[in-house]
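Undergrad: For reference, the structure I am asking about is given below.
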Amino acid sequence: MNDAREPFAAVDTPALLLDLDQVERNIRRYQQAADAARLRLRPHAKAHKCPQVGKLQLEAGAAGLCCAKLAEAEALAEHGLADFLVTTPVVGAMKLGRLIGLARRSKVSVVADSEENIAELGKACAQAGLTLDVLVDVDVGQGRTGVAPGESAAALARRIRENPSLRFRGLQGYQGRLQGVAALDERTRLVEEAMARLGRSEAALREAGFGVEIKTGGGSGSFPIDLHLKALTELQPGSYVTMDTNYAKVRFGGTDEHPLGQPLTLLASVISRPAQDRAVVDVGWKAASSDSGTPTVRAREGLVFEFAGDEHGIVRSGAGALALRLGERIELVPSHCDTTVNLYDAFVVHRSGRPEALWPIVGRGKSQ
Ligand SMILES: Cc1ncc(COP(=O)(O)O)c(C=O)c1O
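Okay, so the sequence shown: first residue is 342 according to our numbering, each after it adds one.
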């Protein structure tokens, strides 16, 4: 399958490549750091959506996985994974029926941020004869889901406690907007502010007589700060496994070298050479996400990629002649891993350019 000059000669394009050596290193790095800090790691599967990657995380010592959507957890459960925190509220009769189904075959906990949702969760679980673990979602600064910091979390914990089919387990506080802040000192300040908000909710709960067993949150960018701050008991990084150009800009302090490698790339082929200064490749918006900018060209000095339509991309040379022949392959590094992975059925898993397997992305498109 391998050719020294064209390592992915037998792989058709566009393809999503995943360097397993690098994945294993990234998993080990975050797991060992969490273990050393005595914090639980519950990686977010929304980035990879792949049972094999989830299994590697669990084998390395993860306490379970996070899923953003119920359908993601259902898909992973079908492939043998079994302990999920659904980090987005599960609302409405249709979804609650599915949640009960999942809870019957798998360990699952959910977050909630409203009395109405807690009431419907309680009713569904009572009817099913199940007890469900629930965490109160606190808005620690993102302005997305979550109750306001402070007393509101205690009010919701009371509603959970009143419900014999629900068990209050703790708090979730995730601030996504600070994860990509490149400068470590600025990111540290924002993490401290966010965790102070979570602390206000925890204080109100303790005042009201609740134990707060789990405090879950954090992402790949806040991870080094969360390790030291210890405001959370459980960390939820997702992108650290696959990485992307956005996260590559995030500084972690210490040396200039980024502590995480870049295992995720896109394999593209040159399909047209219509001009001296322009090569057209088979990766466009349908094969690489653009919400966080354009992919970059890997290991080819001076080459620049730009989107040129749904199915097309253009590669130009920033300096000198463009030395790309028809049919030649290049690797692109995605700007945002989550939304790019969601475009593919499978990872082409390789070790240092030697393809080994296809790993299905079973959670791909599972947005319900
Ligand atoms: C609730 C929650 N936790 C954790 C993560 C993982 O963050 P990251 O991909 O920055 O590691 C996300 C990502 O969007 C998230 O929404």
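By construction, the Cβ of each residue, glycine as well, lies at the ideal position given by its N, Cα and C atoms.
Give me the residue from R641, S676 and E461 with the minimum Cα distance to M435.
TA: The shortest Cα separation from M435 among R641, S676 and E461 belongs to E461.
Undergrad: Against chain B, with Cβ distances strictly below 7 Å, would I566 count as a contact?
TA: In the structure shown, chain B cannot be found, because there is only a single protein chain.
Undergrad: Grouping DSSP H, G and I as helix and E and B as strand, with all else coil, what is G514?
TA: DSSP places G514 in strand when its eight states are reduced to three.
Undergrad: Cα separation between Q513 and T557?
TA: So the alpha carbons of these two residues sit roughly 5 Å apart.
Undergrad: Given 6 Å as the limit, tell me if G625 has its C-beta closer than that to any heavy atom belonging to ligand 1.
TA: Not so, every heavy atom of ligand 1 lies at least 6 Å from the Cβ.
Undergrad: What is the DSSP secondary structure of A412, reduced to helix, strand or coil?
TA: It is helical.
Undergrad: Rounded to whole angstroms, what's the CA-CA distance from H653 to S630? Just pull it up for me.
TA: C-alpha separation (whole angstroms): 13 Å.
Undergrad: For Q709, count neighbouring C-beta atoms within 10 Å of its own C-beta (all shown protein chains included) and say buried if the count is 16 or more, exposed if not.
TA: Burial call: exposed.
Undergrad: For the beta strand (DSSP E) holding G322, just list the boundary residues, first then last.
TA: A query on residue 322 cannot be resolved here, the shown segment of the chain reaching from 342 to 709 and no further.
Undergrad: For the beta strand (DSSP E) that contains A609, what are its first and last residues?
TA: That run of the beta strand (DSSP E) goes L605 to A616.
Undergrad: Relative to the C-alpha of G484, which candidate in V522, R446, A498 and A535 has its C-alpha closest?
TA: Residue A535 is the option with its Cα nearest to G484.
Undergrad: S580: beta carbon under 6 Å from a heavy atom of ligand 1?
TA: Yes, ligand 1 has a heavy atom inside 6 Å of this Cβ.
Undergrad: Thinking just about the alpha-carbon of each residue, which of K410, F425, E554 and Q372 is nearest to the one in G402?
TA: When only C-alpha atoms are compared, the closest one is Q372.
Undergrad: Could you give the distance in angstroms between the alpha-carbon of I671 and the alpha-carbon of Q393?
TA: Roughly 26 Å between the two C-alpha positions.
Undergrad: Alpha carbons only, please: which of G562, Q577 and K571 is nearest the one belonging to N587?
TA: Per the Cα distances, G562.
Undergrad: Verify the contact flag: Y685, CB atom, against every heavy atom of ligand 1, threshold strictly below 6 Å.
TA: Checking every heavy atom of ligand 1 against the Cβ of Y685, none is found closer than 6 Å.
Undergrad: Using the C-alpha atoms, what's the distance from I566 back to G540?
TA: One C-alpha to the other measures close to 16 Å.
Undergrad: Look up G558 in the DSSP assignment and give the residues it is bridged to.
TA: Beta-bridge pairing links G558 to G514 and L576.
Undergrad: Is any non-hydrogen atom of ligand 1 found closer than 6 Å to the C-beta of Y371, if you look at the structure I gave you?
TA: Every heavy atom of ligand 1 is 6 Å or more from the Cβ of Y371, so no.
Undergrad: Does ligand 1 have even one heavy atom less than 6 Å from the beta-carbon of T681?
TA: Not so, every heavy atom of ligand 1 lies at least 6 Å from the Cβ.
Undergrad: Report yes if the C-beta distance between V414 and V427 is below 7 Å; otherwise report no.
TA: First, the residue type needs correcting, since residue 414 is Ala and not Val in the sequence shown. In this structure, V427 lies closer than 7 Å to A414 by Cβ.
Undergrad: Between the region 347-365 and the region 685-702, do at least 3 Cβ pairs fall closer than 8 Å?
TA: Flag = yes, the region 347-365 and the region 685-702 touch.
Undergrad: Could you tell me whether the Cβ atoms of G511 and L476 are closer together than 7 Å?
TA: Yes, these two residues count as a Cβ contact at 7 Å.
Undergrad: How should G405 be labelled, buried or exposed, when 16 other C-beta atoms within 10 angstroms of its C-beta is the threshold for buried?
TA: Result: buried.
Undergrad: Once the 5 residues before and after A698 are set aside, which same chain residues still bring their CB inside 7 Å of it?
TA: V690.
Undergrad: Of the choices T583, S506 and V656, whose alpha-carbon is the least far from that of D362?
TA: Closest option to D362, Cα to Cα, is T583.
Undergrad: So R641 is in the beta strand (DSSP E); what residue range does that whole segment cover?
TA: Element bounds for R641: n/a, residue is neither H nor E.
Undergrad: Counting only the same chain and skipping the five closest in sequence on each side, list residues whose C-beta sits under 8 Å from that of R369.
TA: Closer than 8 Å at the Cβ level, and outside the excluded window around R369, lie A401.
Undergrad: Do A495 and L546 have their C-beta atoms closer together than 7 Å?
TA: Contact flag set, yes.
Undergrad: Which residues in the same chain as K410 place their Cβ atom closer than 7 Å to its Cβ, once the five residues preceding and following it in sequence are excluded?
TA: So the list reads T429, K707, S708 and Q709, once near-sequence residues are dropped.
Undergrad: Using a threshold of 7 Å, state whether the C-beta atoms of V611 and P636 are closer than that.
TA: No, the Cβ-Cβ distance between V611 and P636 is not below 7 Å.
Undergrad: Relative to the C-alpha of W626, which candidate in L644, A640, A649 and L605 has its C-alpha closest?
TA: Comparing Cα positions, the closest option is A649.
Undergrad: What residues are listed by DSSP as bridge partners for G654?
TA: Beta-bridge pairing links G654 to V622 and F648.
Undergrad: What do you reckon, is the C-beta of T574 under 6 Å from a heavy atom of ligand 1?
TA: Flag unset: Cβ of T574 not near ligand 1.
Undergrad: Given a cut-off of 7 Å on the beta-carbon distance, is the pair A423 and K390 in contact?
TA: Contact: no.
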